[in-house]
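In what follows, a structure is listed as C-alpha cells, so that the remarks can point back to it.
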Amino acid sequence: MSEVLERATAQDAKLRIIDSDVHPSLRSEADLHPFLSERWRRHIAEYGKLGRAPYASRIAYPRLAPNTARRDAWPPGGAPPGSDLDFMRSQLLDLFDIEVGILEPLMPSNLVRNIELSVALCSAINDWQVAAFTSQEKRLRASILVPFEDPQASVAEIEKRVKDPAFAQIQLTSRSTEPIGRQRYWPIFEAAAHYGLPIGMHIGGEAGHAPTAAGWPSYYIEDHHGLIHSMQCQATSMVLEGVFERFPTLKVIMIEGGFAWLPSLAWRLDAHWRKLRSEVPMLKEPPSAYMKRNLWVSTQPMEEPENPEDLRRILSWIGWDRILYASDYPHWDFDDPRYAFPCRLSDAERRAIFRGNAEAVYRLA
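UniProt numbering puts the first residue of the sequence shown at 1, with every later residue one more than the last.
Right, here's the structure in full:
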C-alpha cells in the first residue's frame, strides 16, 4: 500500500473532498477592467471581445453556448454559470463538503495569437481569481495562467505568483502551437520543478490548427472526443522529448482528458522504444516509467466499461495514488462525487482519490 493510501486510511471516516476542476466565469468582460491597462481595455473593445479568442480560428459548436453549463447552474440573478460565488457555494462547496476546490479558468488568455495581449490577459485573470474568489472563499485555490507561447513571460508570471498561497498550480492547455515537449517550452517546466508547483494541463485550447490529425471535424461529438487525443499527444511529447528525464520531479496533472487510454499508450510507446531507442538516447527508462512517475489524472470524464471491474484494472495500472477527483463544475458533464465511480472502491482508495492524492500533489497538507 502506498504512503498516500496509508495516510488516507488513518483519516477520519468523513469523506472530505478536494475537487481538482472547478470552472469560474466572469460576470462580464468588465470584471477584468480593474486589472487591465487602458491600452488593453481599448484594444479588446476595438479588435476583439474577450468572449472570443482574437486572432485564433474557431468553429462554433453548441458546447460553447450556453457556457458549456448544466441547465441548473445559472444563478438566480441571471449571471453566467460559475460567476456567482454564493451560488457556487450552495451548489458545490457546501452541498458536497468540498474542502478545497482548484479553479481552472477557461478563458481566451493564454490562447490568443497576440502574445502581448496574452501576457496582459493572463496577468489580469490571475488577479481576478484572487479578487473575486480566493480572497473571499478560503476553500478555493487559483491556477496560474501563463502565456505559454512566450516561455520567458510565463516564467515571469510564475515568479510573480509563486509566493501567494492562493495559487495551487500552473495551468496549461492540451492544444498548443507546437507539441508541448519541445525545448522552447522547457523554461516553464524548469520553473514548475524549481518551485515545486504542479502543472495542471486542462483539455482545450486553440493552436490555429485543425483539432484532429485528420482535419476539421463535422460534428460536435467529433470535436469533443478529439480533445482526448490532444492530451495523449501532449503526454507522448513530454515523455519522448525528454521533459521528465530532464525534470524528474515535475508533476503534470492531466485534467478532464480521460485516462483509460494511458495503459495502451504506455504499452505501445514501450514497444516502439525497445526497437527505436537509439533515436531518443536521452530516455534512460521505458516511456511507461515516466508516465507512472510524472503524470496524474483527474476522474472526469470517467470511462464506464460494461464490466465495472475493467475500470478497476485500469485505475490499478495508473496507480491509486495518481488519481484526483474532479467535478468539472458547472459544466454539463459534471460528476456528482456520490455517483462518479461505477466500480467498487475500498475506503482507502476512496479517501486517496477524493482527498489524499490531491492533498499531496498540491501540497495542501
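Where is the CB? At the ideal position from N, CA and C, for every residue including glycine.
Note down the Cα distance separating arginine 39 from leucine 121, rounded to an integer number of angstroms.
-> Approximately 12 Å, taken between the alpha carbons.
Nearest residue (CA-CA) to lysine 251, options Arg274, Ala235, Phe259, Trp261 = Ala235
What are the uninterrupted segments assigned as beta strand (DSSP E) that are 3 or more residues long and contained completely in the region 216-283, given in chain order?
-> 252-255
At 4 residues or longer, and completely inside the region 293-325: list those alpha helix (DSSP H) runs for me, N to C.
-> Listed in chain order, the alpha helix (DSSP H) elements of length 4 or more contained wholly in the region 293-325 are 308-318.
Between the C-alpha atoms of tryptophan 273 and phenylalanine 247, what's the straight-line distance to the nearest angstrom?
-> So the alpha carbons of these two residues sit roughly 20 Å apart.
Run through DSSP, which three-state label would glutamine 136 get?
-> coil
Does the beta carbon of glycine 319 come closer than 9 Å to any beta carbon on chain D?
-> In the structure shown, chain D cannot be found, because there is only a single protein chain.
Would you identify the three-state DSSP class for arginine 52, choosing helix, strand or coil?
-> Low confidence applies here, because arginine 52 scores a pLDDT of 42, under 50, leaving its location unreliable; read the following figure in that light. The answer is coil: DSSP assigns arginine 52 none of H, G, I, E or B.
The alpha helix (DSSP H) spanning aspartate 347 covers which residue range?
-> 347-351
Check whether the Cβ atoms of isoleucine 102 and glycine 204 sit closer than 9 Å, and answer yes or no.
-> no
Measuring CA to CA, which of Tyr290, Asp150, Phe259 is closest to leucine 269?
-> Tyr290
For the alpha helix (DSSP H) containing leucine 103, list its first residue and its last residue.
-> That residue, leucine 103, is in no alpha helix (DSSP H); its beta strand (DSSP E) goes 98-103.
So is proline 330 buried or exposed if we call it buried at 16+ other beta carbons inside 10 Å?
-> buried
Specify the secondary structure class of leucine 15 as computed by DSSP and reduced to three states.
-> In the three-state DSSP reduction, leucine 15 falls in the coil class, being neither helix nor strand.
Taking the runs of the beta strand (DSSP E) that are 3 residues or longer, which of them lie wholly in the region 146-179?
-> Complete beta strand (DSSP E) runs here, min 3: 167-173.
Which class does alanine 30 belong to by DSSP, given the choice of helix, strand or coil?
-> helix
Sheet register partners of arginine 141 (DSSP bridge) = Ile102
So does glutamate 157 have its beta carbon nearer than 8 Å to some heavy atom of the ligand NAP?
-> The model on display carries no ligand, and the ligand NAP is accordingly not part of it.
How long is the line joining the alpha carbons of glycine 48 and arginine 113, rounded to whole angstroms?
-> 12 Å
Taking just the CA atoms, how far does serine 230 sit from proline 217?
-> 14 Å
Tyrosine 329, DSSP secondary structure in three states = Tyrosine 329: strand per DSSP, three-state reduction.
Quick one: what's glycine 200 bridged to in DSSP?
-> Gln171, Ile253
Would you tell me roughly how many angstroms separate the C-alpha atoms of alanine 53 and histidine 23, rounded to the nearest one?
-> A caution first: alanine 53 carries a pLDDT of 41, below 50, which makes its placement in the model unreliable, though a value can still be read off. The straight-line gap from Cα to Cα measures roughly 18 Å.
Measuring CB to CB, does leucine 295 end up less than 9 Å from isoleucine 255?
-> no
What did DSSP end up calling aspartate 86 once you bin it into helix, strand or coil?
-> Aspartate 86: helix per DSSP, three-state reduction.
My understanding is that isoleucine 188 touches serine 154, with C-beta atoms under 8 Å, so please give their C-beta distance in whole angstroms.
-> In this structure isoleucine 188 is in contact with serine 154, their Cβ atoms being roughly 5 Å apart against a cut-off of 8 Å.
Have a look at serine 57 and leucine 111 and give me their C-alpha separation to the nearest angstrom.
-> Its pLDDT being 37, under 50, serine 57 is placed unreliably in this model, and the value from its coordinates should be taken loosely. Using only the alpha carbons, I get a separation of about 11 Å.
Separation of serine 298 from arginine 312, as counted between CA atoms = Their Cα atoms are separated by approximately 15 Å.
Report the rounded CA-to-CA distance for arginine 127 versus proline 34, giving the unit in angstroms.
-> With the sequence shown as reference, residue 127 is identified as aspartate, and arginine is not the correct amino acid for it. C-alpha separation (whole angstroms): 9 Å.
Could you tell me the boundaries of the alpha helix (DSSP H) in which serine 129 lies?
-> Residue 129 is actually glutamine in this sequence, not serine. From DSSP, the alpha helix (DSSP H) with glutamine 129 extends over 115-129.
What are the partner residues of valine 22, as DSSP defines its beta bridges?
-> In the DSSP assignment, valine 22 is bridged to Leu103, Tyr329.
Residue interval of the alpha helix (DSSP H) (run including glutamate 190) | 186-195
Which residues bound the alpha helix (DSSP H) around tyrosine 47?
-> 38-47
Compare the C-alpha of glycine 196 against each of Glu29, Ala207, Arg161, Phe341 and name the closest.
-> Arg161
Check the C-beta distance from isoleucine 17 over to phenylalanine 96 and give it rounded, since I have them as a contact under 8 Å.
-> 6 Å
Of the residues Asp94, Ala192, Lys275, the one placed nearest valine 361, counting alpha carbons only = Ala192
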